[in-house]
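Visitor:
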Amino acid sequence: QAKAQGRNTYRYYTESLTRAANARLSLESRLRRALEREELVLHYQPQVDMRTTRLTGIEALVRWEDPAEGLIPPDRFIPLAEETGLIIPLGAWVLASACRQLQDWIDGGAPPLTLAVNISSHQFAQPDLALHVDRELTASGLSPERLELELTESTIMQHNRRGMEILEALRALGIALSIDDFGTGYSSLAYLKRLPIDKLKIDKSFVQGIPEDRNDAEIAATIIAMARNLNLRVLAEGVETEAQRDFLHQAGCDAYQGYLFSRPLPAAEFARQYLR
Ligand code: C2E
Ligand code: MG
Ligand code: MG
Ligand code: MG
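Quick note on this note's numbering: the sequence shown kicks off at 429 and runs consecutively.
#1: Once DSSP output is grouped into helix, strand and coil, what is the label at N546?
#2: Helix, strand or coil for A448 per DSSP?
#3: Quick check: does the Cβ of D562 come within less than 6 Å of any heavy atom belonging to ligand 3?
#4: In chain order, what residues of the same chain lie with their CB nearer than 7 Å to the CB of A553, ignoring the 5 residues before and after it?
#5: For ligand 1, is there any heavy atom lying closer than 6 Å to the beta carbon of I651?
#6: Spell out the partners DSSP gives G485 in its beta bridges.
#7: Thinking just about the alpha-carbon of each residue, which of P540, L459, Y438 and Y684 is nearest to the one in E730?
#8: Would you kindly work out how many angstroms separate the C-alpha atoms of P474 and E443, rounded to a whole number?
#9: Using the three-state DSSP reduction, which class does A567 fall into: helix, strand or coil?
#10: Buried or exposed, going by whether 16 or more other CB atoms sit within 10 Å of the CB of N657?
#11: Using three-state DSSP, classify L577 as helix, strand or coil.
#12: Grab the span of the beta strand (DSSP E) containing R689 for me, first residue to last.
#13: Output the boundary residues of the beta strand (DSSP E) element that contains R661.
#14: With V662 and I625 assumed to form a contact (beta carbons below 8 Å), what rounded beta-carbon distance in angstroms separates them?
#15: Would the beta-carbon of G485 fall within 7 Å of that of L575?
#16: Would you say L693 and Y472 are within 7 Å of each other, going by their C-beta atoms?
#17: Would G613 and E581 be called neighbours here (beta carbons separated by less than 7 Å)?
#18: If we ignore side chains and look at the alpha-carbon of each, how far apart do D786 and V476 end up?
#19: So, does the CB of V667 fall closer than 7 Å to a CB anywhere in chain D?
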């Protein structure tokens, strides 16, 4: 009896493990196919000057347009792409498409916006990242001062000394570097001071609680003060309300992005709303 039960438990676990592995495998092969068939799309979210609400930049955010499931958000496939190495071709596609898109818009008379592109940890560690970025700039014709790469604190710290070298090689191309989701990692002021970066992006988890949550408000204000002391630009992400924007403005934040101004938009929609 006990033995039979043990066997059943065993079988149960094996089956559910197999199911999980299969689901993952099918997601992986579906994502691989989506890349080949160009079923990924970029949406663009405006970044605006806090004081004037002038559009100064855009962040490219990838989505998967699955013929059956519809639009799949990046949180559902970026981690898997990162684990399987698919992030390398995927990231290359994002960078190339976004650079080409912005250059197209500039050729069409758009103001000289900056383009922010997210770089994952695995991509960051590719030995030829700077060379690759340089090639994409040349191929698209986009001028380096138009491009900004977003990295997280943990991405940079994971790679230690080499992380610093990679940052310097990227910076030498003439592009800008920003730290995404800032405040969720463990960078000390001393560490931050040594990094060759241009901007901090305050993580939206702190913006969400402003102004009611005293801790969130305090953290956001501290990040802004710190950025100013280090001569870094500072942008708040995830700004949804006027109260949040007003608080951040008062605290000295330079720029923001968030639903208050605009959601990320498909390229055609973005062009229709902001580039005429
Ligand atoms: P992230 O880079 O921190 O991007 C900000 C996320 O906040 C985006 O989610 C954006 O749509 C969302 N957001 C913007 N404004 C608001 C707001 O007012 N309220 C709220 N609640 N959310 C807002 P999204 O597009 O789902 O992207 C999630 C994450 O996926 C990104 O976080 C980034 O880490 C990753 N990701 C997106 N595109 C790429 C990519 O091309 N490459 C890589 N490596 N990662 C990407
Ligand atoms: Mg980002
Ligand atoms: Mg972020
Ligand atoms: Mg994030």
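Note that CB positions come from ideal geometry on N, CA and C, so glycine has one too.
Guide: A quick look at the data gives this:
#1: strand
#2: helix
#3: no
#4: H587
#5: no
#6: Q475 and T542
#7: The structure shown does not extend to residue 730, since the chain is modelled only from 429 to 704, so the question has no answer here.
#8: 46 Å
#9: helix
#10: exposed
#11: strand
#12: With the sequence shown as reference, residue 689 is identified as Phe, and Arg is not the correct amino acid for it. Here F689 belongs to no beta strand (DSSP E), and DSSP marks it neither H nor E.
#13: R661 to A664
#14: The Cβ separation is near 11 Å, so there is no contact.
#15: no
#16: yes
#17: yes
#18: Since the first residue shown for the chain is 429 and the last is 704, residue 786 is missing from the structure and cannot be characterised.
#19: The structure shown contains no chain D; it holds only a single protein chain.
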